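My numbering numbers the first residue of the sequence shown as 5 and each following residue consecutively. Here a beta-carbon is modelled for each residue, glycine too, at the ideal position from N, C-alpha and C. Note that the coordinates shown come from a computational prediction; the quantities given were computed from them, not determined experimentally. Note sheet for the following structure.
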Amino acid sequence: MRTQLRSNWLLLCIGALLVSFGCNHYDNPTSSTTIPSLHAAGEFGYIRDGVTIDRKNYTLSSSGFAAIYPNRVTGLPNGLSQLMIQFMVSDIVGTNYTSETMMFSIPFDTPKPATFSVGDDEAPLLPQVTLSIDTLNYKSKPGGSIVITEFDTVNNTISGTFTFDMVIETPTQGAPATKHIVGGYFDKIPITVGGYGQGSISATINGQQYVAHDGLTAFKTQVSPSIWIFASNSLGEILQMRISNPSVGTFPFRQSGINISTAAISDLSGAGYTSTSGTLTITSYDTTRRRFSGTFNFIGQTDSTNQTITVTNGKIDNVQWSEM
5 MRTQLRSNWL
15 LLCIGALLVS
25 FGCNHYDNPT
35 SSTTIPSLHA
45 AGEFGYIRDG
55 VTIDRKNYTL
65 SSSGFAAIYP
75 NRVTGLPNGL
85 SQLMIQFMVS
95 DIVGTNYTSE
105 TMMFSIPFDT
115 PKPATFSVGD
125 DEAPLLPQVT
135 LSIDTLNYKS
145 KPGGSIVITE
155 FDTVNNTISG
165 TFTFDMVIET
175 PTQGAPATKH
185 IVGGYFDKIP
195 ITVGGYGQGS
205 ISATINGQQY
215 VAHDGLTAFK
225 TQVSPSIWIF
235 ASNSLGEILQ
245 MRISNPSVGT
255 FPFRQSGINI
265 STAAISDLSG
275 AGYTSTSGTL
285 TITSYDTTRR
295 RFSGTFNFIG
305 QTDSTNQTIT
315 VTNGKIDNVQ
325 WSEM
């Protein structure tokens with residue numbers, strides 16, 4: 005179940021990888037287990053076997069985001085939700101592309117500061133961590149800790165520290181069998197899925213009511229400023245929209261061009277429909293609370309069969325976006 009959940013979450017949040025920051029590996033690490041004083045919201049870092057990994061030092065690409073899933077999705081006992089946090093950095097060293105991804109899976113009951121003991125596959129109710137370094141995969145060993153220092157349910161961000169040991173999943177000749185992680189921190193990482201007080205999206209699609217279910221997320225990119233929306237209903241129909249240079253006003257949906265606004269939806273058969281006409285109107289845009297509301301409608305068409313789908317009565321109600 006956890007493996008399937010991770011896969012679904014990564015597909016839903018793939019747009020977060022559009023964000024770029026900058027990177028170098030460097031040594032002479034400290035052993036601090038607190039959040040550094042010189043940092044910016046959304047940063048993370050840790051020391052792996054004497055090598056410091058810190059988001060602000062990766063120029064090619066980096067991302068940090070979190071998601072919360074209820075027990076009806078995860079299969080956890082009643083009262084427990086699943087908090088998933090992912091950090092990714094990548095760079096080009098010489099002529100080689102290198103990437104590193106760390107993922108936390110933390111069962112919890114209440115959104116508040118707490119200390120968790122790290123477990124492994126034999127303890128499904130304890131937090132587990134995976135680490136992928138290029139083609140090598142590691143998993144957490146029992147012991148160590150993850151400390152949630154702030155669980156902000158208004159701005160939907162999470163902060164904390166961590167330290168633990170990891171073991172390679174498949175022994176590989178020449179690869180270290182273990183990894184020692186210390187000095188880990190993350191500060192105000194956005195909760196992009198399952199945020200508290202998240203708004204709603206609804207519409208009428210070919211005469212049928214559509215209401216976004218648990219899979220509603222919105223984030224704003226700083227390069228070519230756009231708000232991206234990903235929503236799914238209980239049947240798995242996926243609605244996607246991009247609003248370029250968002251503000252209060254009306255935005256026409258177009259098929260092609262530079263910095264355009266677009267919409268798309270995939271139905272139960274898997275067919276994808278891309279907007280050929282229509283508009284999205286933002287009626288409220290609050291940059292302090294990162295929330296917006298509006299209306300939309302469009303006609304979508306498939307590329308292969310030229311079939312169409314009609315979306316009317318679209319409503320965006322108080323949806324919160326994450327800064328990516």
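- Annotation for R258: I264, S265, T266, S279 place their beta carbon closer than 8 Å to its own, counting only its chain and skipping 5 residues before and after.
- When I286, G211, D307 are compared, the shortest CA-CA separation from R295 is found for I286.
- One Cα belongs to N159, the other to N301, and the distance between them is close to 29 Å.
- Restricting attention to G318, T174, D138, P115, the CA atom closest to the CA of V93 is found in D138.
- In the three-state reduction of the DSSP assignment, K60 falls in the helix class, which pools H, G and I.
- Per DSSP, R293 lies in no alpha helix (DSSP H) segment and is marked neither H nor E.
- Taking 8 Å as the cut-off, the Cβ atoms of D113 and L84 count as close.
- The C-beta distance from I269 to V227 rounds to 26 Å, too long to meet the 8 Å contact threshold.
- Look at the beta carbons and you see the region 148 to 165 touching the region 189 to 202: at least three pairs across the two are nearer than 8 Å.
- The beta carbon of F255 is closer than 6 Å to those of I247, S265, L284 in its chain, skipping five residues each way along the sequence.
- A check of alpha carbon separations from D191 across L243, A207, T161 identifies T161 as the nearest.
- Here G282 is bridged, per DSSP, to F302.
- Contact between the region 179 to 189 and the region 59 to 69 is absent: fewer than 3 CB-CB pairs across the two stretches fall below 8 Å.
- A straight line joining the alpha-carbon of G253 with that of G298 spans about 9 Å.
- Going by DSSP, N75 is part of the alpha helix (DSSP H) stretching over 75 to 78.
- In terms of Cβ geometry, K319 and S206 form a close pair [threshold 8 Å].
- Per DSSP, the beta-bridge partners of D169 are H184.
- With fewer than 16 other beta carbons inside 10 angstroms of its own, I262 counts as exposed.
- The C-beta of T165 has 16 or more other C-beta atoms within 10 Å across all chains shown, which makes the residue buried.
- Taken through DSSP and simplified to helix, strand or coil, K145 comes out as coil.
- Between T225 and S326, the gap from beta carbon to beta carbon reaches 8 Å or more.
- Between P115 and Q86, the C-beta gap is not smaller than 8 Å, which leaves the two residues out of contact.
- Cα atoms of N210 and F69: separation of roughly 34 Å, rounded to the nearest angstrom.
- By the 16-neighbour rule on beta-carbons within 10 angstroms, Y101 is exposed.
- The region 110 to 141 is shown to contain whole beta strand (DSSP E) runs of 3 or more residues at 118 to 121, 132 to 137, in chain order.
- Spanning the alpha carbons of V151 and E173 requires a straight line of approximately 25 Å.
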